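Start counting at 1 in the sequence shown, then tack on 8, and there's your number in this note's numbering.
All C-beta atoms in this analysis are idealised placements derived from N, C-alpha and C, irrespective of residue type, glycine included.
Nothing here was measured: the structure is a model prediction, and the numbers come from that model.
Below: one structure, written as structure tokens.
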Amino acid sequence: MTVKTLFIGMDGATFTVLDSLTSAADGAPVMPFLGSLFKRGTRAKLRSTPNPLTPPAWVSLMTGRSPGHHGVFDFIRAEERGEDVFFTLYDSRDCRVETIWAIASRQGKKVAALNFPFTAPPPKDLNGFMVPGFVPWRHLRRNTTPADLYDRLKAIPEFSAQELAWDFEQEKQAMESLSDHDRENWVRYHLPREKQWFRIAEYLMREEAPDLMAVMFDGVDKLQHQAWQYLDPALQSPEDGEYHLRMRSLCLDYFRQLDSFIEALVTAAGPEVQVFMASDHGFTATTEVVRINTYLGEKGWLAWKPVPDTEEGRRREDSMFAYLDWSRTVAYCRTPSSNGINIRVAREPGQPGIPLAEYETTRERLIRDLEDFRDPETGERIVAEIHKREDVFPGSAMGDAPDLQLVLRDFGFVSIKNKLPVVEKRPEPAGTHHPDGVFIACGPGIAEGKQIGRRRIMDVGATLLYSLGLPVPSDFEGQVPESMFTAEHKAAQPVVIGAPTTGARRADGDAMADDEKAQIMAQLQLLGYME
Numbered sequence: 009m010t011v012k013t014l015f016i017g018m019d020g021a022t023f024t025v026l027d028s029l030t031s032a033a034d035g036a037p038v039m040p041f042l043g044s045l046f047k048r049g050t051r052a053k054l055r056s057t058p059n060p061l062t063p064p065a066w067v068s069l070m071t072g073r074s075p076g077h078h079g080v081f082d083f084i085r086a087e088e089r090g091e092d093v094f095f096t097l098y099d100s101r102d103c104r105v106e107t108i109w110a111i112a113s114r115q116g117k118k119v120a121a122l123n124f125p126f127t128a129p130p131p132k133d134l135n136g137f138m139v140p141g142f143v144p145w146r147h148l149r150r151n152t153t154p155a156d157l158y159d160r161l162k163a164i165p166e167f168s169a170q171e172l173a174w175d176f177e178q179e180k181q182a183m184e185s186l187s188d189h190d191r192e193n194w195v196r197y198h199l200p201r202e203k204q205w206f207r208i209a210e211y212l213m214r215e216e217a218p219d220l221m222a223v224m225f226d227g228v229d230k231l232q233h234q235a236w237q238y239l240d241p242a243l244q245s246p247e248d249g250e251y252h253l254r255m256r257s258l259c260l261d262y263f264r265q266l267d268s269f270i271e272a273l274v275t276a277a278g279p280e281v282q283v284f285m286a287s288d289h290g291f292t293a294t295t296e297v298v299r300i301n302t303y304l305g306e307k308g309w310l311a312w313k314p315v316p317d318t319e320e321g322r323r324r325e326d327s328m329f330a331y332l333d334w335s336r337t338v339a340y341c342r343t344p345s346s347n348g349i350n351i352r353v354a355r356e357p358g359q360p361g362i363p364l365a366e367y368e369t370t371r372e373r374l375i376r377d378l379e380d381f382r383d384p385e386t387g388e389r390i391v392a393e394i395h396k397r398e399d400v401f402p403g404s405a406m407g408d409a410p411d412l413q414l415v416l417r418d419f420g421f422v423s424i425k426n427k428l429p430v431v432e433k434r435p436e437p438a439g440t441h442h443p444d445g446v447f448i449a450c451g452p453g454i455a456e457g458k459q460i461g462r463r464r465i466m467d468v469g470a471t472l473l474y475s476l477g478l479p480v481p482s483d484f485e486g487q488v489p490e491s492m493f494t495a496e497h498k499a500a501q502p503v504v505i506g507a508p509t510t511g512a513r514r515a516d517g518d519a520m521a522d523d524e525k526a527q528i529m530a531q532l533q534l535l536g537y538m539e
């Protein structure tokens, strides 16, 4: 029995890399099967969320709604309480809207969703199977649904829960000592981990034949963060040394394996399946470190707490969050991954922050200061774009968004540490997120050999529901890209706009333990999302 719709997510995939790996210009292509899908199907650049980051982007793809509606903006959410700011990790319970997994389930479709972030804890009434991503292996059993699935997976030959989830301890060591040897081993360990997710997908397709089979491979993002210089075609040179060539070869082994997984899944799904592939964002090179809170401090927007010259003080200085004097801080950046500025507003007299009546004038003054943040040599703005939250995050959850969303001139993530210089050139280019990811489709009813205009990430969820023969909810912001499909297919299966979503189905589940949260924080720190 075959599945109807196959979705393969590739975290951070970009045509910049995929086009070079599917090309035969320099010999045999690394990803020949993906290249055949390009020729047989339709492709488009996929514009990510305003801050092209894993949490808001994947949740937007899974809900057809933008962050201003679904409410997930970052890895970390914060709550200001007087003089203190409290931080915790987002999870599936923070999503305010219904997911495509739930929408398809309640309309009788069997779904399987593997390794998608912010799906833990999973919904208890899912019609199908879910193994969430972004959880330590000790939490996999209780966050896998249905309840017997985890034990069934253990019967898969060579199944390893430790390999399946992130190896936090190994990645923490890599963060602390990124020698050439450590970096090489860090790249190597993603090969068996991706194989684990592939085997589960293969097993569920064979044993359960869900209507929607969805699996996400996140090693693409992890490799590109740590090894972008070995993958970007623009950064390769005939003078590259032995280590560079060895690292590039190792990275190509990963993509060669990924291509074999894609081929096996598409083949197993059957000739009648519609195949869709997408990434949450793209990738590019960042060449400088921008210490945004240092700049805001120089402009008088925030104040730092004095750090004692002790071991505890040094730990505080190297912690993941800015060590600020909240009584004298008006505007600040909470996390590197947010690329946003929060303005502290006093909701009642006597609370810290500016009076609400001064919000607009304060924000305009802050925008002018950020516009004046320029390269002293060229006069170019360091912050290329500054967006007000109501312009990029409209919706019921807008109040949780940063007051200003920033886009740096090289698309990098900001630094929030109190260090000088404010802008510093990186010793070598590093991988960072680009707002344009990938969207690929192939199969019956899909136009062949076509490239269409840029789509929005919310469109993917709408497209998957359409592929399943389901109506697209009227409150979806995503739309089906009809130019992706043949005229005959659209005539036989026109796009139908249906009833609005029913709202988020609140998942039940235990809160993650503090030590598990700390391990996830360490992973985010390694990838540059936290400091």
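Label residue i either buried or exposed according to how many other C-beta atoms from any shown protein chain fall within 10 Å of its C-beta, with 16 as the threshold for buried.
i, result
"Q204", "buried"
"F381", "buried"
"Q459", "exposed"
"F106", "The residue you asked about is not Phe; residue 106 is Glu in the sequence shown. Buried."
"Q265", "buried"
"K230", "buried"
"R355", "exposed"
"D188", "exposed"
"P363", "exposed"
"I164", "exposed"
"L253", "exposed"
"T275", "exposed"
"R196", "exposed"
"Q413", "buried"
"Y251", "exposed"
"E179", "In this prediction, E179 scores a pLDDT of 44, lower than 50, which makes its location untrustworthy; the coordinate-derived value is nonetheless stated afterwards. E179 should be labelled buried."
"G5", "Lying before the first or after the last residue shown, residue 5 is absent from the chain, which here runs from 9 to 539."
"D317", "exposed"
"T96", "exposed"
"S1", "Outside the shown range of the chain (9 to 539) lies residue 1, about which nothing can therefore be said."
"D383", "exposed"
Write down the C-beta distance between residue i and residue j rounded to the nearest angstrom, noting that I regard them as a contact closer than 8 Å.
i, j, result
"F126", "Y98", "6 Å"
"K433", "T295", "7 Å"
"F291", "G20", "5 Å"
"V93", "W309", "Going by Cβ atoms, the distance from V93 to W309 rounds to 15 Å, so no, they are not a contact pair."
"V119", "A112", "5 Å"
"L476", "K12", "6 Å"
"W236", "G361", "Not a contact, Cβ separation roughly 39 Å."
Can you give me the C-alpha to C-alpha distance between residue i and residue j, rounded to a whole angstrom?
i, j, result
"S185", "W194", "Low confidence applies here, because S185 scores a pLDDT of 44, under 50, leaving its location unreliable and the question unanswered by this model."
"A7", "W109", "This structure cannot speak to residue 7, because the chain is shown only from 9 to 539."
"L29", "L45", "13 Å"
"G348", "L14", "35 Å"
"E366", "L61", "31 Å"
"A217", "M285", "19 Å"
"A495", "Q501", "10 Å"
"E247", "R207", "39 Å"
"A65", "S56", "6 Å"
"D267", "R376", "48 Å"
"T608", "E490", "It is not possible to answer for residue 608, since the shown part of the chain is limited to 9 through 539."
"C259", "P429", "33 Å"
"V67", "G305", "33 Å"
"P344", "P58", "15 Å"
"Q181", "N123", "Note that Q181 scores a pLDDT of 39, beneath 50, so its modelled location is shaky and nothing firm can be said."
"R114", "H289", "29 Å"
Report the option in the options whose CA atom is closest to the CA atom of residue i.
i, options, result
"K313", "V298, T337, P384 and A438", "T337"
"G420", "A293, E490, Y251 and E385", "A293"
"A121", "W236, L220, E490 and N426", "L220"
"E88", "L172, G43, F23 and P410", "P410"
"C341", "L374, L134 and D317", "L374"
"M492", "D377, R207, G249 and G453", "G453"
"L42", "V283, A507 and Y251", "V283"
"T386", "R417, T153 and V297", "R417"
"I270", "A242, E210, V25 and C259", "E210"
"E215", "R299, R160, A392 and S423", "R160"
"T50", "L473, I505, R462 and T510", "R462"
"E171", "D156, R146 and T153", "R146"
"R299", "A155, E320 and V431", "V431"
"G116", "S100, L134 and R104", "L134"
"K307", "P40, D27 and E379", "E379"
"S287", "V228, F142 and Q244", "V228"
Is residue i close to chain B? Criterion is C-beta to C-beta, closer than 8 Å.
i, result
"Q487", "Of the protein chains in the structure, only one exists, and it is not chain B."
Inspect the CB distances between the segment 69-79 and the segment 451-469 and report whether three or more fall short of 8 Å.
As far as the Cβ criterion goes, the segment 69-79 touches the segment 451-469, which means the pair count is three or higher.
Does the segment 131-138 come within contact of the segment 31-48, defined as at least 3 CB pairs closer than 8 Å?
Taking 8 Å as the limit for Cβ pairs, the verdict is that the segment 31-48 does not touch the segment 131-138.
Decide if the segment 441-450 is in contact with the segment 389-400; the criterion is three or more beta carbon pairs, one per stretch, under 8 Å apart.
The segment 441-450 is not in contact with the segment 389-400.
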